[in-house]
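Chemist: The structure under discussion is supplied below as structure tokens; questions concerning it will follow.
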Amino acid sequence: MGCSIRECCVLFLVLLVSCARGEDPYRFYTWNVTYGDIYPLGVKQQGILINWQFPGPQIEAVTNDNLIINVYNSLDEPFLLSWNGVLQRRNSWQDGVYGTNCPILPGHNFTYVLQVKDQIGSYFYYPSLAFHKAAGGYGGFKIESRPGIPVPFPPPAGDFTILAGDWYKRNHTDLRAILDGGSDLPFPDGIIINGRGSNAYTFTVDQGKTYRFRISNVGLTSSINFRIQGHKMTIVEVEGTHTLQNIYDSLDVHLGQTYSVLVTADQPPQDYLIVVTTRFTSQVLNATSIFRYSNSGGGVTGLFPWGPTIQVDWSLNQARSLRRNLTASGPRPNPQGSYHYGLINTTRTIRLQNSAPVINGKQRYAVNSVSFIPADTPLKLADYYKIQGVFSLGSIPDYPTGSGGYLQTSVMEADFRGFVEVVFENTEDTVESWHVDGHSFFVVGMDGGQWSSASRLNYNLRDTISRSTVQVYPKSWTAIYMPLDNVGMWNVRSENWVHQYLGQQFYLRVYSPANSWRDEYPIPSNAIRCGKAVGHY
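Sequence positions in the sequence shown follow mature numbering (1 follows the signal peptide of the UniProt record, and there is no 0) and run -22 to -1, 1 to 515.
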């Protein structure tokens, strides 16, 4: 498949300018998105494939690389891809959610042009519309450090990506119909690892060598626990932050989160189980893969390695143990500890409380009583062209109101270069997971009960990790400090895909009055127009 005349011209000019300026390297991808038969849990389903693969092709980049990703939509419904945890600096135009981009219509294509500026770490991409994530369409996304930038551990002998999560045997269209009808989804049918059920995937290692595992929870509704039978895991990176190298027997990975661990093959040569189980669920689902020594003397032996199930305190203590490596470099050579986030005065406090109201007889989910509904025009386009009647700034309050839930296209305004305190308050009985597009934030505190100003006395203001997705335990709160250093229209959402689909999200408009390329890139020449933006150029 080729590109359109306009897109070919855009790519030619990009290459011409980059060569003239000696810019960072470019990597090119051409992806065809199709339906195809998949059998993750042994039952035939309609899956979403990228270049006939599920999971899709892995993106492998280096800090500051420019990525040109041409996506052809061969499905029968509109489609978008988004990039979980990739910051899109100055460039929410490429974020790939409906608040920023018009969908790629069936039979059409769109070329994403994005740069992984000043970023390292482990992430994933996923389809953001129409509950497509329940059909696949996701893949790994890793960003390596530039040559010459020190990394705080020796190069591993191998680098493996684990994309794990809960899964349903029903097609995504059936699941979507249940939600559209006002009901919640039933309990998931199983767990899959890299698109497959138990024991369908083998990771082969050499005895005595150390390997890196990048573990992402790409599921829909469940936290998971990851472990490898008989082996310890040393955590080294969390969503772009090099961590203190704590050692764990198992690791909780909440919805939308990614961790990197090192595992040394230091046991007798045989096969061992890689185990993923659900957390905080009444029924514990599990899936396994094989960790095989290349000189294996036999199959898996011993008891099944059960891990934690419903213990919240265990998970909370593990989350608090995650620390930033203050002396290690990040994407730049300067130490991560050189940014003293705890010495910066916050400019604003935002408290976000999730709830599960029934509105007009249908189950919905909300933030500060507002259940998000999409507009007919992407909010970023409406903002850029100053189109009236699409959204209103301030349509979601900064604090819980205690009122009943209501429907609204909710957009919160924020000032560029602000430094905000955000408190996520979870009054429900399930674990919540929150993600902020375009930003990395410092997880300064989490605890049970009700947050108050006195809770700040126990904040970690020295060496907490920064990340883009954080969990909130049942009847608990989590507090973050977030620098608003990225102009644009950014999605703030639940990573529980049922909650997100039924309204637990909003958009944060980070605004700079300068109207300068220094703060934000101009609208792309290939931007798709839809809704009220049709005809605006």
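Glycine is no exception: its CB is placed at the ideal position from the N, C-alpha and C atoms.
Just verifying my parser: in three-state terms, what is the DSSP assignment at D425?
Modeler: It is a strand residue.
Chemist: Are there 16 or more other CB atoms within 10 angstroms of the CB of F102, so buried, or fewer, so exposed?
Modeler: So F102 ends up on the buried side.
Chemist: Taking the C-alpha atoms as reference points, what is the distance between I193 and Q366?
Modeler: Cα to Cα, the separation comes out at about 43 Å.
Chemist: Taking the alpha carbon of L198 as the point to measure from, which residue in G20, V75 and W475 has its own alpha carbon closest?
Modeler: When only C-alpha atoms are compared, the closest one is W475.
Chemist: What do you reckon, are the CB atoms on N504 and F88 nearer than 8 Å?
Modeler: Contact: yes.
Chemist: Alpha carbons only, please: which of S431, V450, K210 and Y226 is nearest the one belonging to I407?
Modeler: Checking the sequence shown, residue 407 turns out to be Asp, not Ile. Minimum Cα distance to D407 is reached at V450.
Chemist: Confirm, please, whether the CB-CB distance from P130 to A306 is below 8 Å.
Modeler: Their beta carbons are under 8 Å apart, which means A306 touches P130 by this criterion.
Chemist: Exposed or buried, F402, counting other C-beta atoms within 10 Å across all chains shown (16 or more means buried)?
Modeler: Looking at its Cβ environment, which holds 16 or more other Cβ atoms inside 10 Å, F402 is buried.
Chemist: The alpha helix (DSSP H) with V476 in it runs from where to where?
Modeler: Unbroken alpha helix (DSSP H) run through V476: W475 to Y479.
Chemist: Give me the residue from A265, E399 and Y4 with the minimum Cα distance to T180.
Modeler: Taking only the C-alpha atoms, the option nearest T180 is A265.
Chemist: Run through the DSSP bridge pairs and tell me what K340 is partnered with.
Modeler: Its beta-bridge partners are I337.
Chemist: Could you give the distance in angstroms between the alpha-carbon of I82 and the alpha-carbon of S60?
Modeler: Cα to Cα, I82 sits roughly 12 Å from S60.
Chemist: If P286 sits next to V253, beta carbons under 8 Å apart, how far is it from one beta carbon to the other, in whole angstroms?
Modeler: The pair is not a contact, with the Cβ atoms about 12 Å apart (cut-off 8 Å).
Chemist: Quick test of your reading: F204 and V231, contact by CB under 8 Å. State the CB separation rounded to the nearest angstrom.
Modeler: Yes, F204 and V231 are in contact; Cβ-Cβ is about 6 Å, under 8 Å.
Chemist: In whole angstroms, what is the alpha-carbon distance linking N273 and T182?
Modeler: Spanning the two alpha carbons is a distance of roughly 10 Å.
Chemist: In the DSSP assignment, what residue or residues form a beta bridge with H220?
Modeler: Partner(s): E215.
Chemist: Here's the rule I'm using: 16 or more other beta-carbon atoms within 10 Å means buried, otherwise exposed. How should residue 526 be labelled?
Modeler: Because the chain is modelled from -22 through 515, residue 526 falls outside the range shown and cannot be assessed.
Chemist: How is the beta strand (DSSP E) around I121 delimited, first residue to last?
Modeler: Segment G117 to E122, the beta strand (DSSP E) holding I121.
Chemist: Quick one: give me the first and last residue of the beta strand (DSSP E) that R298 is part of.
Modeler: Not the beta strand (DSSP E): R298 falls in the alpha helix (DSSP H), residues V290 to S299.
Chemist: Using the Cα positions of S370 and L486, report the straight-line distance between them to the nearest angstrom.
Modeler: In a straight line, the C-alpha of S370 is about 12 Å away from that of L486.
Chemist: Measuring only the C-alpha atoms, how far is R5 from Q66?
Modeler: Between R5 and Q66, the C-alpha separation is close to 16 Å.
Chemist: Taking the beta strand (DSSP E) that L287 falls in, what are its first and last residues?
Modeler: The displayed chain sequence assigns Thr, not Leu, to residue 287. Per DSSP, T287 belongs to no beta strand (DSSP E) and is neither H nor E.
Chemist: Just confirm the distance between the C-beta atoms of S200 and T236, as a whole number of angstroms; I'd bet it's less than 8 Å.
Modeler: No, S200 and T236 are not in contact; Cβ-Cβ is about 16 Å, not under 8 Å.
Chemist: Only counting the same chain, and skipping five residues up and downstream in sequence, which positions put a Cβ closer than 8 Å to that of T324?
Modeler: Closer than 8 Å at Cβ, skipping near neighbours: F397, V398, E399 and Y459.
Chemist: Can you list, in chain order, the residues of its chain whose CB lies under 8 Å from that of G513, leaving out five sequence neighbours each side?
Modeler: Correct list, in chain order: R507.
Chemist: Closer than 6 Å by C-beta to A457: which residues in its own chain qualify, once you throw out the five before and the five after it? Chain order, please.
Modeler: These residues qualify, in order along the chain: V401, V422 and G423.
Chemist: Under a Cβ-count criterion, where at least 16 other Cβ atoms within 10 Å of its own Cβ denotes burial, should D354 be classed as buried or exposed?
Modeler: Answer is exposed; the Cβ neighbour count stays below 16.
Chemist: Going by alpha carbons, who is nearest to R270 out of I213, Q207, L480 and L233?
Modeler: Checking every option, the nearest Cα to that of R270 belongs to Q207.
Chemist: What span of residues does the alpha helix (DSSP H) with D152 cover, start to end?
Modeler: Here the alpha helix (DSSP H) through D152 covers H150 to D158.
Chemist: Suppose you measure from the CA of Y96 to the CA of G77; what does that come to, to the nearest Å?
Modeler: Residue 96 is actually Asp in this sequence, not Tyr. Taking the straight line from one Cα to the other gives about 25 Å.
Chemist: Which partner residues does E38 have in the DSSP bridge list?
Modeler: E38 pairs with K120.
Chemist: Return the chain-ordered list of same chain residues with a C-beta closer than 8 Å to the C-beta of G186, the five sequence neighbours on each side being excluded.
Modeler: Closer than 8 Å at the Cβ level, and outside the excluded window around G186, lie T242, A243 and D244.
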